[in-house]
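Numbering (our numbering), first residue to last: 45 to 280. No residue lacks a Cβ here, since even glycine has one placed at the ideal position from N, Cα and C. For clarity, every value in this text was computed on a predicted model and none was experimentally measured. One structure below.
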């Protein structure tokens with residue numbers, strides 16, 4: 045895990061609807077304070093997906109698109125027991141994959157993507173999961189968000205990935221006014237510069253458990269002084 049700096053003395057999925065209000069322009073000191081607060085509260089943040097190796101992480105992240113980590117963690121044990129590596133997955137019957145993951149959203153498409161991805165890895169990468177963003181994005185079912193999440197979680201690389209939680213949090217805090225996940229990713233990366241992998245994990249967990257879509261826990265929120273929605277809340 046990248047070293048977290050000391051506290052400053054100056055202290056492709058479906059996205060939620062964007063707020064119509066204009067984000068406040070934070071200055072560099074504000075951004076640094078926000079950054080430090082998240083790094084301090086979530087310095088050990090990790091994904092809640094269960095995995096044991098790069099293959100399992102990639103599969104789990106692919107399954108997690110528009111689906112909860114909790115649901116993915118229910119189906120992956122059986123999936124990984126039957127297909128413990130990319131080679132066995134490449135030789136699988138797609139209908140068998142569907143039966144195992146049928147409780148996951150869009151399971152038909154995801155089963156097809158998993159099978160095609162595994163065959164691509166076997167044929168184009170000699171059975172080794174690629175480890176660069178560009179190469180990961182050539183795989184079926186792997187867009188920039190999925191690629192970045194894998195690189196963030198497994199390799200702790202300095203990437204930002206924007207899911208529904210990161211999108212919501214960044215807009216409520218006025219860190220972005222972008223309309224898309226990719227634009228938001230670019231804005232956050234430019235704003236924060238480094239420690240992006242920790243900040244991604246932090247925003248996900250913060251959005252999942254504190255800054256929730258419909259019932260945010262504003263009264264106990266550590267970042268409330270910077271929130272642009274708490275006094276006139278509108279779900280994002």
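Nearest-angstrom Cβ-Cβ length linking residue i and residue j, presumed shorter than 8 Å
i           : j           : result
residue 202 : residue 240 : 5 Å
residue 267 : residue 78  : 7 Å
residue 138 : residue 159 : 5 Å
residue 164 : residue 183 : 5 Å
residue 265 : residue 254 : 6 Å
residue 91  : residue 245 : 7 Å
C-beta atoms of residue i and residue j nearer than 9 Å
i           : j           : result
residue 210 : residue 204 : yes
residue 145 : residue 98  : no
residue 199 : residue 175 : yes
residue 229 : residue 259 : no
residue 123 : residue 186 : no
residue 236 : residue 226 : no
residue 109 : residue 93  : no
residue 218 : residue 70  : yes
residue 126 : residue 134 : no
residue 116 : residue 171 : no
residue 177 : residue 191 : yes
Candidates the options: closest to residue i by CA position
i           : options            : result
residue 152 : 128, 106, 242, 243 : 106
residue 82  : 249, 182, 227      : 249
residue 120 : 80, 147, 110       : 147
residue 247 : 168, 208, 170      : 208
residue 233 : 132, 206, 141      : 206
residue 180 : 197, 161, 170      : 161
residue 88  : 193, 114, 197      : 197
residue 96  : 85, 143, 257, 194  : 194
residue 257 : 231, 269, 216      : 216
Collapsed DSSP secondary structure at residue i in the structure displayed
i           : result
residue 255 : coil
residue 76  : helix
residue 265 : coil
residue 241 : helix
residue 220 : coil
residue 206 : coil
residue 159 : helix
residue 85  : helix
residue 167 : helix
residue 150 : coil
residue 184 : coil
residue 249 : helix
residue 215 : helix
Range of the contiguous alpha helix (DSSP H) that encloses residue i
i           : result
residue 114 : 113–126
residue 99  : 98–107
residue 235 : 225–236
residue 140 : 138–145
residue 191 : 188–199
residue 130 : 130–134
residue 179 : 177–180
Chain B contact for residue i (CB, 9 Å cutoff)
i          : result
residue 90 : Absent from the structure is chain B; it holds one protein chain and no more.
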